[in-house]
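K.L.:
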Amino acid sequence: MTVLLKSIPAGCGCDAPEHAKTLVSIDEALRRICETASPVKETERLALGGAIGRILAEPVYSRGAMPPFDNAAMDGYAIDAGALSGDGPWVLSVCSRLAAGQPVETPLANGGAARIFTGAPVPEGADTVVMQEHVRRLADTIHLERRPEAGANIRRAGSEMTAGETVLDAGRTLGPREIAACAAAGASEVRVRRRVRVALLVTGDEVRQAGAARAAAQIWDTNTPMLCGELAGAAVALIVVEKAIDSRAGLRDRLAESARGADLVITTGGLSVGEEDHVRSALGDLDADIRFAGVAIKPGKPVAFARLGSAVWLGLPGNPLAAFVTWHLFGTAVLRRLHGQSISSLPRRNVVTAHGIRRKTGRCEVRPVTIVGFDALGREVVTFQNATHSERVGRLPDAHGLMFLPAETDSLPEGALVEFQQFPGH
1 MTVLLKSIPA
11 GCGCDAPEHA
21 KTLVSIDEAL
31 RRICETASPV
41 KETERLALGG
51 AIGRILAEPV
61 YSRGAMPPFD
71 NAAMDGYAID
81 AGALSGDGPW
91 VLSVCSRLAA
101 GQPVETPLAN
111 GGAARIFTGA
121 PVPEGADTVV
131 MQEHVRRLAD
141 TIHLERRPEA
151 GANIRRAGSE
161 MTAGETVLDA
171 GRTLGPREIA
181 ACAAAGASEV
191 RVRRRVRVAL
201 LVTGDEVRQA
211 GAARAAAQIW
221 DTNTPMLCGE
231 LAGAAVALIV
241 VEKAIDSRAG
251 LRDRLAESAR
261 GADLVITTGG
271 LSVGEEDHVR
281 SALGDLDADI
291 RFAGVAIKPG
301 KPVAFARLGS
311 AVWLGLPGNP
321 LAAFVTWHLF
331 GTAVLRRLHG
341 QSISSLPRRN
351 VVTAHGIRRK
361 TGRCEVRPVT
371 IVGFDALGRE
381 VVTFQNATHS
391 ERVGRLPDAH
401 GLMFLPAETD
411 SLPEGALVEF
421 QQFPGH
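Pasting the structure below:
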């Protein structure tokens with residue numbers, strides 16, 4: 001038996017009446033991010049070789065046709081296939097030799113052939129390149145045993161791109177494939193958005209640097225190195241990384257200072273309403289415009305988002321898995337918006353559960369899963385932990401992506417179809 005779940009973006013049950021007053025759905029949170037965060041305006045021109053990882057601020061257009069002339073797709077002989085009469089075999093005189101980068105000064109002689117190499121211009125009068133393996137060379141002649149297909153093995157001018165054609169739209173991230181396309185289009189420079197400036201403040205008096213000595217009630221800091229890894233890249237400038245003072249006044253001052261220099265301020269922890277959780281009160285002191293404070297997901301319900309002066313603020317939960325999941329759902333969306341990109345979620349696909357699931361309803365649950373193979377129908381099968389623990393990240397290295405379980409679903413059998421979002425790079 002299989003169960004096909006409805007698409008999460010269409011509604012995952014997070015808007016149930018009992019949650020609507022305090023929590024927003026994933027979709028609503030993303031909508032508010034989109035309407036609040038604005039793309040950074042400043043741009044710069046960079047040499048193509050130094051633009052890897054940056055975000056295009058304007059389209060790239062081809063500066064000429066590609067290829068710019070008809071050329072040979074392989075080594076062989078350029079001939080006029082239309083001039084071959086009868087059933088063959090045919091004997092043609094080799095009249096010239098053409099190499100890549102060598103201009104063609106004379107047209108193909110009537111009834112002749114030109115020795116040609118890959119990338120060389122096809123001479124006027126030739127309509128076909130015959131592979132060298134398909135001819136027999138004797139002195140200054142070639143012998144054809146079979147009629148070649150007219151037009152074979154020629155790369156036509158403009159067949160890849162035409163002059164003025166849009167090669168890449170604004171908003172594209174420049175990876176090696178995009179760089180290759182720009183170079184082929186003749187673009188030596190590109191205009192990109194400036195790097196998004198990010199400040200990361202980690203709260204919690206109990207947190208110590210990983211590997212450092214710790215007292216009985218202290219824990220090692222997972223969130224700082226994890227989020228620094230998520231933020232590593234050419235399109236981000238991480239201008240502040242620090243453990244914030246865990247007091248209302250201390251947080252208020254650091255948030256205010258960070259917001260003056262950053263486009264995005266990220267905090268982890270301190271989002272609850274207890275006496276030792278000061279982030280919300282500090283934001284209140286700064287008259288932050290809270291856009292949402294809690295999303296109907298598990299893990300990560302406390303995640304919050306606000307406008308803070310000229311910057312935006314994203315508050316991630318303190319538990320590491322919850323911080324990891326909410327970063328992938330909302331942090332990446334905030335960055336994409338600041339980069340001028342669409343915030344539509346990464347493509348999702350259906351996968352099959354390796355075993356059954358029993359869970360508590362009420363929130364859309366997001367679990368890390370590992371692809372372990374395929375079923376008899378060729379569908380990907382995933383395995384996962386029997387429960388979600390917001391503090392546990394020890395199994396994350398084995399995970400390939402996230403599985404989404406709708407809020408209203410309390411059980412699924414083995415072999416159920418669920419939605420899956422793959423981690424970048426997997």
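Here the working numbering is used: position 312 in the sequence shown is 312, and no number is missing along the way. Cβ atoms here follow ideal geometry from the backbone N, Cα and C, with glycine treated the same way. Since we're looking at a predicted model, the values are computed, not measured.
Is Thr-106 helix, strand or coil when you go by DSSP?
P.N.:
Reduced to three states, the DSSP call for Thr-106 is coil.
K.L.:
Pick out whichever of Asp-127, Glu-391, Leu-412 and Val-351 has its Cα sitting closest to the Cα of Gly-401.
P.N.:
Measuring from the Cα of Gly-401, the nearest candidate turns out to be Val-351.
K.L.:
Would you please state the rounded distance, in angstroms, between the beta carbons of Pro-123 and Pro-107? I believe it to be under 8 Å.
P.N.:
That belief holds up - the Cβ atoms of Pro-123 and Pro-107 are roughly 6 Å apart, short of 8 Å.
K.L.:
By Cβ distance below 7 Å, which residues in the same chain neighbour Gly-125 in space, the five residues on each side in sequence not counted?
P.N.:
Taken in chain order, the residues that qualify are Asp-80, Pro-107 and Leu-108.
K.L.:
What are the residues that DSSP puts in a beta bridge with Ser-38?
P.N.:
Paired residues: none, contrary to the question.
K.L.:
Note the first and the last residue of the continuous alpha helix (DSSP H) segment covering Glu-257.
P.N.:
Start and end: 248-261.
K.L.:
Report, in whole angstroms, the separation of the C-beta atoms of Ser-93 and Asp-140, which I expect to be a contact under 8 Å.
P.N.:
With a Cβ gap of about 6 Å, Ser-93 and Asp-140 count as contacting.
K.L.:
What beta strand (DSSP E) runs, 3 residues minimum, are completely inside the stretch 159-214?
P.N.:
Listed in chain order, the complete beta strand (DSSP E) runs (minimum 3 residues) inside the stretch 159-214 are 166-168, 189-193 and 196-202.
K.L.:
Mind checking whether Ile-55 and Gln-385 have CB atoms under 8 Å apart?
P.N.:
Going by C-beta atoms, Ile-55 is not nearer than 8 Å to Gln-385.
K.L.:
If the criterion is Cβ atoms closer than 8 Å, does the pair Arg-254 and Leu-201 meet it?
P.N.:
Yes, the Cβ-Cβ distance between Arg-254 and Leu-201 is below 8 Å.
K.L.:
Here's the rule I'm using: 16 or more other beta-carbon atoms within 10 Å means buried, otherwise exposed. How should Val-196 be labelled?
P.N.:
It counts as buried.
K.L.:
Can you name, in chain order, every residue of its own chain whose Cβ lies under 6 Å from the Cβ of Met-66, other than the five neighbours on each side?
P.N.:
Correct list, in chain order: Glu-160, Met-161 and Ala-184.
K.L.:
Relative to the alpha-carbon of Leu-174, which residue among Val-279, Ala-333 and Ala-235 has its alpha-carbon at the smallest distance?
P.N.:
Selected option, being the one with the closest Cα: Ala-235.
K.L.:
Taking all protein chains shown into account, decide if Asn-110 is buried (16 or more other Cβ within 10 angstroms of its Cβ) or exposed.
P.N.:
Per the 10 Å Cβ criterion, exposed.
K.L.:
For Glu-44, tell me which candidate among Arg-193, Leu-271, Arg-337 and Cys-95 has the shortest Cα-Cα distance.
P.N.:
The residue with the shortest Cα to Cα distance from Glu-44 is Arg-193.
K.L.:
Report the three-state DSSP secondary structure of Ile-26 (helix, strand or coil).
P.N.:
Helix at Ile-26.
K.L.:
What residue ranges within the stretch 69-139 form continuous beta strand (DSSP E) runs of no fewer than 3 residues, ordered along the chain?
P.N.:
Within the stretch 69-139, the complete beta strand (DSSP E) runs of at least 3 residues are 76-79, 90-98, 112-116, 128-131 and 135-138.
K.L.:
With a threshold of 16 other CB atoms inside 10 Å of the CB of Ala-407, please say whether the residue is buried or exposed.
P.N.:
It is buried - the Cβ of Ala-407 has at least 16 other Cβ atoms within 10 Å.
K.L.:
With a 10 Å radius around its C-beta and 16 neighbouring C-beta atoms as the bar for buried, classify Phe-374 as buried or exposed.
P.N.:
Exposed.
K.L.:
Locate the alpha helix (DSSP H) running through Thr-409, then write down its first and last residues.
P.N.:
Neither: Thr-409 is in no alpha helix (DSSP H) and is coded neither H nor E.
K.L.:
With DSSP run on the structure shown, which of helix, strand or coil describes Ala-47?
P.N.:
Correct three-state label for Ala-47: strand.
K.L.:
Could you tell me the distance, in whole angstroms, from the CA atom of Leu-377 to the CA atom of Leu-396?
P.N.:
The alpha-carbon atoms of Leu-377 and Leu-396 are separated by roughly 28 Å.
K.L.:
Taking buried to mean at least 16 other C-beta atoms within 10 Å of its own C-beta, is Ala-72 buried or exposed?
P.N.:
When all chains shown are included, Ala-72 counts as buried.
K.L.:
What's the gap between the Cα of Leu-5 and the Cα of Leu-417?
P.N.:
Because Leu-5 carries a pLDDT of 38, less than 50, the predicted location of this residue cannot be relied on, and the following value inherits that uncertainty. Those two C-alpha atoms are separated by around 7 Å.
K.L.:
Quick check: what's the CA-CA separation for Val-369 versus Gly-362?
P.N.:
For Val-369 and Gly-362, the distance between alpha carbons rounds to 21 Å.
K.L.:
What is the DSSP secondary structure of His-355, counted as helix, strand or coil?
P.N.:
Looking at His-355 - three-state DSSP - the assignment turns out to be coil, as it is neither helix nor strand.
K.L.:
Quick one: Cα of Gly-158 to Cα of Glu-165, how far?
P.N.:
Their Cα atoms are separated by approximately 10 Å.
K.L.:
Which residue's Cα is closest to the Cα of Val-382: Gly-415, Phe-330, Gly-331 and Val-325?
P.N.:
Answer by Cα proximity: Gly-415.
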